[in-house]
Amino acid sequence: MKSFLRRVHAKPSTQTAAIPSGWLLCACALLACNLGQFLPATPTRVAPMPTLAATPTVSPTPTRRAQLAPPAWWDLPLALPASAEFEGDAKRAVWRTRDLNVDTFRDSLLQQAKSAGYQTYVLTQSQGAIYDLLFVKGQTAYALNLTLGSDAVILTGTRVGVMRVKISGVANVEIDLPMRTRLDVTPGSEVSIGAAIPSPQCAACEYFVNVHIAPFKGVGNYDSKPGTYLIDAQVIPGGEPAREDFRWAYGGCTVTVKETSGTFECKQLQNVIDQSRRIDVSGSWIQP
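Just so you know, we're using this note's numbering here: the sequence shown kicks off at 115 and counts up by one.
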């Protein structure tokens with residue numbers, strides 16, 4: 115009887131211990147299935163694409179210069195060399211070309227300006243290398259410098275003033291002359307007002323006008339009366355300087371200077387060789 119009881123009590127004990135083990139296995143399996151829904155999948159490693167070296171972009175021409183236009187004040191109707199690239203700004207008119215035939219450029223530009231109605235002048239600073247071209251029409255004048263460098267020709271354009279000169283007496287001339295430099299009206303010890311341009315009459319001939327004032331007070335009126343201002347005038351009316359040089363205004367000079375314009379009048383200038391030959395000269399100027 116005791117042995118039966120021992121067997122009876124022992125059997126349930128064995129079965130009871132077996133049940134939790136089965137349930138434990140099932141629970142672990144279910145937990146593993148459910149956790150699979152929440153755990154991130156292992157990322158698949160993808161071999162990196164080979165990096166290709168960037169192909170350099172080569173610009174066929176420097177487009178920045180090609181897009182720029184000359185400043186608005188440079189409205190001279192000239193076709194500059196096709197190879198010339200503009201490299202100036204709103205204040206400077208500058209071009210550069212690798213074509214080194216500067217004499218061809220000079221001749222072409224002069225012909226174009228003449229066709230447009232401009233009076234043209236050439237100042238040769240260095241034959242075959244440096245030229246100043248001057249173009250005048252009415253109250254408008256331009257200067258264009260051509261300079262031959264080691265590997266390029268530089269063309270530099272500027273707007274210049276115009277002096278209208280009237281000469282009467284043994285020479286009679288009325289002409290518009292470009293002023294090669296801008297008149298500085300800042301007060302100082304002296305100032306020279308004038309123009310110097312080659313004349314077509316001969317190789318050495320020139321138009322030369324110079325009115326020198328001392329002392330110079332700036333904008334205002336000047337008179338050569340004794341005790342006021344010293345005003346010297348010299349004029350070469352298109353001839354040879356050695357023979358057609360007129361000075362010493364015995365009839366006196368008066369000058370009016372403004373910021374961008376002015377007038378002058380000098381009477382009875384005498385020829386330095388023959389003082390019986392005399393001229394009167396008057397004029398006005400305007401500058402940008």
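Think of the CB as a built atom: it goes at the ideal place given N, C-alpha and C, for glycine as much as any other residue.
Query raised in the report: Between the segment 321-338 and the segment 303-313, are three or more C-beta pairs nearer than 8 Å?
Result: yes
Query raised in the report: From A233 to V276, what does the alpha carbon distance come to, in whole angstroms?
Result: As a position in the sequence shown, residue 233 is number 119, starting the count at 1. As a position in the sequence shown, residue 276 is number 162, starting the count at 1. Looking at the sequence provided, one finds Gln at residue 233 rather than Ala. Spanning the two alpha carbons is a distance of roughly 12 Å.
Query raised in the report: Which residue from L269, E373, Q348 and I268 puts its Cα closest to that of P301?
Result: For the purposes of this step, residue 301 is taken as the residue at position 187 of the sequence shown. For P301, the nearest C-alpha among the options comes from E373.
**Report entry** Any 3 or more C-beta pairs closer than 8 Å across the segment 235-249 and the segment 206-221
**Finding:** yes
Report task. Count the CB pairs spanning the segment 194-212 and the segment 269-289 that are closer than 8 Å, and state whether there are at least three. Result -> yes
Report task. Give the single residue among T238, K228 and A198 whose Cα lies nearest to the Cα of A317. Result -> Reading the sequence shown from its first residue, position 203 is the one you call residue 317. It is T238.
Query raised in the report: Alpha carbon to alpha carbon, how far is V287 from D265?
Result: The count along the sequence shown starts at 1 and reaches residue 287 at position 173. The count along the sequence shown starts at 1 and reaches residue 265 at position 151. Cα to Cα, the separation comes out at about 43 Å.
Query raised in the report: Ordered along the chain, which non-local residues of its own chain (more than five positions away) have a Cβ less than 6 Å from that of I289?
Result: If you number the sequence shown from 1, residue 289 lands on position 175. Within the same chain, I289 has close Cβ partners V279.
Query raised in the report: Where do the ends of the alpha helix (DSSP H) carrying L224 lie?
Result: Position 110 of the sequence shown, counted from the start, is the residue given in the question as residue 224. Unbroken alpha helix (DSSP H) run through L224: V216 to S229.
Requested in this report: Starting from N286, follow the beta strand (DSSP E) in both directions and report where the run begins and ends.
Outcome: As a first step, residue 286 is located in the sequence shown; it is residue number 172 there, counting from the start. No residue range can be given for N286, since it is assigned to no beta strand (DSSP E) and is classified by DSSP as neither H nor E.
**Report entry** Host beta strand (DSSP E) of T370 (start-end)
**Finding:** Counted from its first residue, the sequence shown places residue 370 at position 256. Counting along the chain, the beta strand (DSSP E) containing T370 begins and ends at C367 to V371.
Report task. Using the Cα positions of Y235 and N259, report the straight-line distance between them to the nearest angstrom. Result -> Position 121 of the sequence shown, counted from the first residue, corresponds to residue 235. Position 145 of the sequence shown, counted from the first residue, corresponds to residue 259. Roughly 12 Å separates the two Cα atoms.
Query - Assigned secondary structure, I387 (DSSP; H/G/I helix, E/B strand, else coil) - result: Numbered from 1 along the sequence shown, position 273 holds the residue referred to as residue 387. Residue state, collapsed to three classes: coil.
Query - Burial state of Y364, where buried means 16 or more other Cβ atoms lie within 10 Å - result: To locate residue 364, count along the sequence shown from 1; it is residue 250. The residue in question, Y364, is exposed, as its Cβ has fewer than 16 Cβ neighbours within 10 Å.
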